[in-house]
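Residue numbers for the sequence shown follow full-length UniProt numbering, so the first one is 1 and each next one is one higher.
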Amino acid sequence: NLLLSFDSRVKIADFGLSIVFDENFFSFYTVTGSVGFCAPELLSKNSSDFNLHSLFISDIWSLGVTLYCLVYGNLPWTHKNVMEVIDNILNSIPIFPSEYITF
């Protein structure tokens, strides 16, 4: 979702994505959300390995997936099975069909 703030800044939001923090807001124990936008680093780690830096880095991946969606009109991984999507994110390289891009 692309949101426009009152001061005309564009914000990217995924309403399906959430993190449950512990009572100290220091660590988290559950990550849920739109798996197609999750970075491979987040999908391949144990939840105990997550930290806020990992989440920041994964935002770059998610931005790339968002840009892919804007150019091609769909996610790089189109499987309906969540486990197949995760497998593709971890083990394959997205395809960039050249017929959609002109210079």
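For every residue, glycine included, the Cβ atom is placed at its ideal position computed from N, Cα and C. None of these values were measured; they are calculated from a predicted model.
Look up Ile86 in the DSSP assignment and say whether it is helix, strand or coil. By one-based count along the sequence shown, residue 86 stands at place 86. In the three-state DSSP reduction, Ile86 falls in the helix class (H, G or I).
Return the Cβ separation of Ile101 and Leu63 in integer angstroms, given the expectation that the two are a contact with Cβ distance under 8 Å. Your numbering for residue 101 matches position 101 in the sequence shown. Your numbering for residue 63 matches position 63 in the sequence shown. Your pair Ile101 and Leu63 does not check out as a contact, with CB atoms roughly 18 Å apart and the cut at 8 Å.
Go ahead and pull the three-state DSSP assignment for Ile101. Working through the sequence shown from its first residue, we reach residue 101 at position 101. Here DSSP, grouped into helix, strand and coil, assigns Ile101 to coil.
Just tell me which of Leu42, Ser54, Phe96 and Asn1 has its CA closest to the CA of Tyr68. In the sequence shown, residue 68 corresponds to position 68, counting from 1. Residue nearest to Tyr68 within the set Leu42, Ser54, Phe96 and Asn1 is Phe96 (criterion: CA-CA distance).
Kindly give me the distance between the Cβ atoms of Pro36 and Leu75, rounded to whole angstroms, as I take these residues to be in contact under 8 Å. Start at 1 with the first residue of the sequence shown, and residue 36 comes out as number 36. Start at 1 with the first residue of the sequence shown, and residue 75 comes out as number 75. Before going further, note that residue 36 is Gly rather than Pro in the sequence given. With a Cβ gap of about 4 Å, Gly36 and Leu75 count as contacting.
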